[in-house]
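If you read the sequences in order, they're chains L and C.
If you're matching positions, the first sequence starts at 18 in this note's numbering and goes up one per residue.
If you're matching positions, the second sequence starts at 10 in this note's numbering and goes up one per residue.
Note that beta-carbon positions come from the ideal geometry of N, C-alpha and C, so glycine has one too.
Everything on this sheet refers to the single structure shown next.
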Amino acid sequence: RRNVIKPKETTTTSEIPKPWLRTIYSGQKEVVTPTVIAGVTFSAKPLATTNGLEPWISLDQFGSPKTKRPQIKGAKTKDARPDYSTYFKTVATRTLSYDELKAHNMEEDEVYEEEVFTDEDDTYVSLNPIIRCTPDRYFKKGPAGDISSEPFCTPKENKELKVDNTYFVSWYTKFFQKPDTDETIENVQLHLFYVKESIKDKGLKKR
Amino acid sequence: DLKAAFFSSGWLKNVDGIYPLELTADFLDGAYDRKVLLAIQPDNIRDDEFNPWEHYVLFRMIMGPRVAKTTKQQKALQDAGISDDTWYYVALSIPTVVVIACVAMYFFLYLNRSHRDIHNVKDFAINQRRRVLGKFKDFKKYKKINNRPYSELPTHTKKTGKQN
């Protein structure tokens, strides 16, 4: 015998998130309208108070959203928000001469080069609650598994995606850059093509 | 060739880095599953210069789970009173035909019972069991053996001179 398991009550809402107002560049006001796609609310109003343990959305290997709730266990944070390191920062080289630094171990004609990282403009990026694609999340693809999936992070190779579902395709935004300048391109387009398969590829051919 | 693409998202803001791809049954074009190539085209590459195999991901698009499970579509059809019962009629018809044949055979034998004489068959069978020595009840040990009198043992082999 075992006790009857009572299912937990689930609460659903059909409430549409209301637009909210924010201030962007130099005091310019903007009305932000939240949108819900596949259960994920984009452009939601930020919480008034934060403690660093707010839920965030991860993507599984198919590209389906999974909510992660950070927890502090011991001295470590489990399911912590992703750290993007310097992937989305702009790097610039600053040259400093001896006259500017007056370092005791520099020659008078020597120059010191320093890499300076500038944070990206997160005015619109911050409205996306889903984990962003970075090169460390690329996977290997191809028959031998030796080709990088750049610039895609999801969906992974040869996964079965079902009809009537929504999957998030994610790519590294700084992958495509203009050849003459280091600026990131502004627009991309996604295309889907059928791939003709032989019976052997499907694994149905007799040996 | 971009004309071969069955779906194009249109120009998206690259800074978003994400696109919700909603798969519909139209994408499968009548098939149950298809292998699909997902390619990305930056705006600095023209359509005629675009090579889908440069930056791509392959995945398989399927209609539903591969297990034999009632799908939402089937449930909707059942709710509407529409069901495909062809297999059900086939499964029922086979035992029905067998039962009808057995009943017909029974009546055929019943009606012809007065015209049937199988005593020869019966006598032959009984005589087969009586080919034992003595009374049948005394030879329980050998009841399954078609025993014969000693005089009937085979005598077809010729004896050699040495044996004589």
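If you draw a straight line from the alpha carbon of residue i to that of residue j, how long is it in whole angstroms?
i         : j         : result
L:Asp-139 : L:Thr-52  : 18 Å
L:Phe-79  : C:Val-107 : 52 Å
C:Asp-56  : C:Ser-17  : 12 Å
L:Ala-55  : C:Pro-61  : 27 Å
L:Lys-95  : L:Lys-106 : 25 Å
L:Lys-93  : L:Ile-41  : 35 Å
C:Leu-118 : C:Asn-129 : 19 Å
C:Ile-49  : C:Leu-30  : 13 Å
L:Ile-89  : L:Pro-72  : 13 Å
L:Asn-204 : L:Gln-194 : 11 Å
C:Gln-83  : C:Leu-37  : 18 Å
L:Ile-147 : C:Gln-87  : 38 Å
L:Asp-199 : C:Leu-67  : 29 Å
C:Asp-52  : C:Leu-21  : 10 Å
L:Pro-196 : C:Ile-54  : 11 Å
L:Lys-46  : L:Gly-69  : 27 Å
C:Arg-125 : C:Phe-133 : 17 Å
C:Tyr-97  : L:Glu-177 : 32 Å
L:Thr-50  : L:Ala-120 : 53 Å
L:Pro-152 : C:Phe-59  : 23 Å
C:Leu-101 : C:Thr-95  : 10 Å
C:Ala-14  : C:Leu-46  : 9 Å
L:Leu-85  : L:Glu-117 : The identity of residue 85 of chain L in the sequence shown is Lys, whereas the question assumes Leu. Roughly 48 Å between the two C-alpha positions.
L:Asn-122 : L:Thr-110 : 21 Å
L:Asn-182 : L:Leu-76  : 14 Å
C:Gly-73  : C:Asp-35  : 14 Å
L:Gln-206 : L:Lys-191 : 15 Å
L:Tyr-115 : L:Tyr-101 : 34 Å
C:Ala-89  : C:Thr-80  : 14 Å
L:Pro-22  : L:Ser-81  : The sequence as given places Ile at residue 22 of chain L; Pro does not occur at that position. Spanning the two alpha carbons is a distance of roughly 29 Å.
L:Val-212 : L:Thr-67  : 47 Å
L:Tyr-141 : C:Arg-43  : 36 Å
L:Lys-83  : L:Ile-74  : 6 Å
Put residue i into one of helix, strand or coil per three-state DSSP.
i         : result
L:His-208 : strand
L:Phe-169 : strand
C:Arg-55  : coil
L:Ala-120 : coil
C:Pro-29  : strand
C:Thr-105 : helix
C:Arg-43  : strand
C:Arg-122 : helix
C:Ala-13  : helix
C:Met-72  : coil
L:Val-180 : coil
C:Ala-110 : helix
C:Trp-96  : helix
C:Phe-116 : helix
C:Ala-85  : helix
C:Phe-36  : helix
C:Ile-127 : coil
L:Lys-217 : helix
C:Ala-48  : strand
C:Phe-133 : helix
Is residue i near the ligand COA - that is, is its Cβ less than 7 Å away from at least one heavy atom of it?
i         : result
L:Leu-144 : In terms of ligand content, the structure shown is empty, and the ligand COA therefore cannot be addressed.
Exercise for the section: Identify each residue in the region 178-189 of chain L for which the Cβ-Cβ distance to at least one residue of chain C is less than 8 Å, and report them in chain order. Expected result: Residues passing the 8 Å Cβ filter: Leu-178, Lys-179, Val-180, Asp-181, Asn-182, Thr-183, Tyr-184, Phe-185, Val-186, Ser-187, Trp-188 and Tyr-189.
Exercise for the section: Taking a Cβ distance cut-off of 7 Å, strictly less, list which residues of the region 191-223 of chain L are near chain C, in chain order. Expected result: Answer set for the region 191-223 of chain L: Phe-193, Lys-195, Thr-201, Ile-202, Glu-203, Asn-204, Val-205, Gln-206, Leu-207, His-208, Leu-209, Phe-210, Tyr-211, Val-212 and Glu-214.
Handout entry: Every unbroken alpha helix (DSSP H) inside the region 47-133 of chain L [4 residues or more]
Key = Within the region 47-133 of chain L, the complete alpha helix (DSSP H) runs of at least 4 residues are 115-118.
Practice task
Counting only runs of 3+ residues fully inside the region 19-44 of chain L, write out the beta strand (DSSP E) ranges in chain order.
Solution key: Unbroken beta strand (DSSP E) stretches of 3 residues or longer found wholly inside the region 19-44 of chain L: 37-41, given in chain order.
Practice task
Determine contact between the region 159-179 of chain L and the region 124-137 of chain L, defined as no fewer than three beta-carbon pairs at a distance below 8 Å.
Solution key: Because the criterion of three Cβ pairs below 8 Å is not met, the region 159-179 of chain L and the region 124-137 of chain L do not touch.
Handout entry: Where the region 15-28 of chain C meets chain L: residues whose CB sits under 8 Å from a CB there
Key = Of all residues in the region 15-28 of chain C, Phe-15, Phe-16, Ser-17, Ser-18, Gly-19, Trp-20, Leu-21, Lys-22, Asn-23, Val-24, Asp-25, Gly-26, Ile-27 and Tyr-28 have a Cβ within less than 8 Å of some Cβ in chain L.
Exercise for the section: Check whether the region 183-194 of chain L touches the region 22-29 of chain C, taking contact to mean three or more Cβ pairs, one atom from each stretch, closer than 8 Å. Expected result: The region 183-194 of chain L and the region 22-29 of chain C touch, with no fewer than 3 CB-CB distances between them shorter than 8 Å.
Handout entry: Near-chain C residues of the region 129-163 of chain L - C-beta to any C-beta below 8 Å
Key = So the close ones are Tyr-141, Val-142, Asn-145, Ile-147, Arg-149, Cys-150 and Lys-158.
Exercise for the section: Compile a chain-ordered list of the residues in the region 44-68 of chain C whose CB is closer than 7 Å to at least one CB of chain L. Expected result: Listed by position, the residues of the region 44-68 of chain C near chain L (Cβ gap below 7 Å) are Lys-44, Val-45, Leu-46, Leu-47, Ala-48, Ile-49, Gln-50, Pro-51, Asp-52, Asn-53, Pro-61, His-64, Val-66, Leu-67 and Phe-68.
Handout entry: Near-chain C residues of the region 50-70 of chain L - C-beta to any C-beta below 8 Å
Key = In summary, the residues of the region 50-70 of chain L whose CB is separated from some CB of chain C by less than 8 Å are Ile-54 and Ala-55, in the order they occur in the chain.
Practice task
Quick one: which residues of the region 166-177 of chain L get their C-beta closer than 8 Å to a C-beta of chain C? List them in chain order.
Solution key: From the region 166-177 of chain L, only Ser-166, Glu-167, Pro-168, Phe-169, Pro-172, Lys-173, Glu-174, Asn-175, Lys-176 and Glu-177 have a Cβ closer than 8 Å to chain C.
Problem - chain L contacts made by the region 78-110 of chain C, where a contact means CB separation under 7 Å - result: Result list empty, no residue passes.
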